[in-house]
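Chemist:
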Amino acid sequence: MRHLDQFDVLANLRNGRSVEQLLAAGQDADGRIVRFLVIHLEREGQWAVTLHELADVGTAQYLDIYSFPSVAPDPDDAQSASFASVEAALEYARRALSADMRRFVNSGMAESEYRDTYHPQW
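Numbering of the sequence shown is given in numbering that gives the first Met the number 0, commencing with residue 0 and proceeding in unit increments.
(1) Exposed or buried, which one is His51 when buried takes at least 16 other CB atoms within 10 Å?
(2) Report, in whole angstroms, the separation of the C-beta atoms of Phe67 and Val37, which I expect to be a contact under 8 Å.
(3) Could you check where the alpha helix (DSSP H) with Glu90 kicks off and where it finishes?
(4) So within the segment 6-32, which uninterrupted beta strand (DSSP E) runs reach at least 3 residues, ignoring any that extend past its ends?
(5) Using the Cα positions of Arg102 and Thr49, report the straight-line distance between them to the nearest angstrom.
(6) Using only CA atoms, which one of Asp55, Arg1, Gln60 and Ser17 lies nearest to Asp27?
(7) With C-beta atoms as the reference, is Trp46 less than 7 Å away from Val8?
(8) Let me confirm a value: Gln20 is counted as buried when at least 16 other C-beta atoms fall within 10 Å, else exposed. Which label applies?
(9) Taking Leu89 as the reference, which of Met0, Ala10 and Asp63 has the closest Cα?
(10) Helix, strand or coil for Ala80 per DSSP?
(11) Thinking Ser81 and Glu41 are a contact (beta carbons under 8 Å), I'd like their distance in whole angstroms, please.
(12) Any idea what DSSP makes of Ala59, helix, strand or coil?
Okay, structure coming up:
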């Protein structure tokens, strides 16, 4: 099973491991936008929620969404927010980014989610 239950999401985060979630696609004049979020522990002990918005340049042979170009004018300007607790970070992800608490995956699994959700024909 690819998706983490709530217990595993909390356990991963509290043990310093990131979790990710592919979000609903966006659209701009140049085409589809791949959107995913990452929640991770920052050095300062804060929990960061970062939204990545990327051009959908994938192919059946090229699924590395982590290397897709950002659609932001400044690629280093990803939308990010920090929180004092895991629970606050998850609540922000749910409310502000429409994250589904049943769709988190381990770090590195967003590529499989991308293929299955955006391009199931591959």
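C-beta atoms are modelled at their ideal positions from N, C-alpha and C, and glycine is treated no differently. Keep in mind it's a predicted model, so treat the numbers as computed, not measured.
Modeler: Quick answer:
(1) buried
(2) Not a contact, Cβ separation roughly 14 Å.
(3) Val85 to Leu96
(4) 18-21 and 25-27
(5) 16 Å
(6) Asp55
(7) It is not a contact, given that the beta carbons lie outside the stated cut-off.
(8) In this structure Gln20 is buried. Its beta-carbon is surrounded by 16 or more other beta-carbon atoms within 10 angstroms.
(9) Ala10
(10) strand
(11) About 6 Å separates the two Cβ atoms, so the contact holds.
(12) coil
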